[in-house]
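Residue numbers (full-length UniProt numbering): 1 to 113.
All C-beta atoms, glycine included, are put in the ideal place defined by N, C-alpha and C.
Structure representation (structure tokens):
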């Protein structure tokens, strides 16, 4: 069972929508992954993320897709790459990550309500 958190704890997590503007292969990663460049709008800017989503997505299908990400974690060094946000998703029955995405387009930088 997971630990219960307070509403105040939840409010500290900045979960925002951004649009993937660039995707690069990440051959140096231990597990297959992409380097994502996500635009969170003028107030937040572009942040980088490493994502192990190569089973369900290709570079071509990711560019232009809106994603939901945690943007206030500290940067994390992943091999030669610095990840600046955590793009969210869920494992399907095969163990592949399906991205958490908004059903309708919303402005980049919009915070989870």
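Take residue 21 and list the residues in its own chain whose beta-carbon comes closer than 6 angstroms to its own, dropping the five residues that flank it on each side.
Only 37, 39 meet the Cβ criterion.
Within a Cβ cutoff of 6 angstroms, which residues of the same chain sit near residue 53, ignoring the five residues on either side of it in sequence?
For residue 53, the CB contacts under 6 angstroms within the same chain, skipping 5 residues up- and downstream, are 97 in chain order.
Check each candidate in 55, 73, 102, 113 and name the one with the smallest Cα separation from residue 94.
Shortest Cα-Cα distance from residue 94 to any of 55, 73, 102, 113 involves 55.
To the nearest angstrom, report how far apart residue 27 and residue 33 are at their CA atoms.
Distance between the alpha carbons of residue 27 and residue 33 is about 7 angstroms.
Quick check on DSSP: helix, strand or coil for residue 101?
In this structure, residue 101 counts as coil in the three-state DSSP scheme.
Let me know the secondary structure DSSP gives residue 59 once reduced to three states.
Here residue 59 sits in helix by DSSP.
Quick check on this structure: which residue in 29, 6, 49 has the alpha carbon closest to the alpha carbon of residue 62?
Comparing alpha-carbon positions, the option among 29, 6, 49 lying closest to residue 62 turns out to be 49.
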